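Student: Per the working numbering, the very first residue in the sequence shown carries number 26; after that it's consecutive.
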Amino acid sequence: MKIGATPFAQFHVIVRGQCWLNLKDEQHFLATGDIIVIPHGTAHELLDDPKTEPVPSLDILNAIQSGEIPFPEGELTTRLLCGHFEFDRELTHPFITDLPSLIIVKGMGRKQEGWLEAITPILAGETGAGQPGSESISERLAEVLLIQVLRIYLLDQPTGQGFLTALADKRINTALKLIHSGTSQDIKLDDIAKSVGMSRSSLAARFKELVGDTPMNYLTAWRMLRAKDILRSGSQPIVEVAEQVGYASEAAFSRAFKRAYNQNPSNYRRTRESAQISKI
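Right, dumping it as structure tokens:
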């Protein structure tokens with residue numbers, strides 16, 4: 026099966042059997058219970074044998090939807106559960122951009138503690154069941170699957186730099202939580218430093234070492250991300266959007282937004298509305 030590049034994060038669970046994964050210049054053998062997540066939607070192939078010529082995934086999907094058997098030849102020895110997670114690529118965040126092109130969780134991994142065995146059969150059963158609530162249940166279970174995979178990935182990472190390492194640092198993680206939850210508040214560097222028990226200088230140095238920016242610059246960037254999300258999904262007056270992301274005046278918010286995205290909030294909203302209309 027040949028899966029082309031997509032703007033979505035892809036995942037595959039080997040429910041039964043085995044297969045080979047080709048991604049870029051990598052090749053991996055996968056067996057029952059293994060999970061792979063492809064965070065950036067990189068093109069890849071899933072094969073029964075490394076020498077097999079892959080079939081486009083859309084051909085397989087069309088065959089399944091038509092009630093046909095996609096692979097009529099050979100025995101049905103492998104069962105895959107496939108899906109994707111949709112991230113808004115316009116609202117980029119270092120947590121997503123720092124993820125690798127491939128995450129593999131082996132089925133016999135010591136950190137799974139039975140969660141895979143509990144989730145997988147329910148998710149497989151609900152997918153395509155067509156019963157009331159099946160779609161919602163499948164979506165929530167898929168979210169749990171993603172969270173668990175990312176948790177295992179984070180626990181396995183060596184100490185280093187990057188946003189994922191910052192999440193593993195207790196004090197910097199606390200600082201990030203304060204920033205994320207206090208977007209509408211007048212947060213100062215002193216407030217963040219006191220909340221994590223560090224001096225201003227120590228916090229600023231450690232935060233920049235791991236996150237790649239100062240706490241206040243990151244706060245501003247986070248506020249702008251939140252503002253973009255609000256502007257795209259609602260019709261609140263700009264002054265209300267400014268208040269929701271921690272600005273005392275519409276003018277100050279507009280200046281900060283223009284510095285970040287080279288256009289003011291009103292123009293951004295109009296551009297997004299025009300783009301949505303053109304899709305209809």
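Even glycine gets a Cβ: it sits at the ideal position worked out from N, Cα and C. All figures in this text were calculated on a predicted structure; none of them were measured in a lab.
1) From the DSSP output, in three-state form, read off P157 for me.
2) Check the C-beta distance from T122 over to G42 and give it rounded, since I have them as a contact under 8 Å.
3) Which class does Q52 belong to by DSSP, given the choice of helix, strand or coil?
4) Which term fits I204, buried or exposed, when burial requires 16 or more other beta carbons within 10 angstroms of its beta carbon?
5) For my contact list, L46 and H69 are in at a C-beta cut-off of 8 Å; report their separation, rounded to the angstrom.
6) Hey, out of C44, I61, D59, whose CA is closest to H79's CA?
7) Considering only the alpha carbon of each residue, which of R284, E268, K253 lies closest to R297?
8) Suppose you measure from the CA of Q173 to the CA of Q182; what does that come to, to the nearest Å?
9) Could you say which of I85, N292, A281, D50 lies nearest to P75 if we only look at CA atoms?
10) Quick one: using the 10 Å Cβ neighbour count with 16 as the cut-off for buried, is A30 buried or exposed?
11) Ordered along the chain, which non-local residues of its own chain (more than five positions away) have a Cβ less than 7 Å from that of S291?
12) When you compare only the Cα positions, how much space is there between L166 and A276?
Tutor: The answer reads as follows:
1) coil
2) With 8 Å as the limit, T122 and G42 do not qualify as a contact, their Cβ atoms being about 34 Å apart.
3) strand
4) Buried is the call here.
5) 6 Å
6) Correcting the residue type first, residue 79 is Pro in the shown sequence and not His. When only C-alpha atoms are compared, the closest one is C44.
7) K253
8) 15 Å
9) D50
10) exposed
11) Cβ contact annotation for S291 (same chain, cutoff 7 Å, sequence separation greater than five): I263, in chain order.
12) 43 Å
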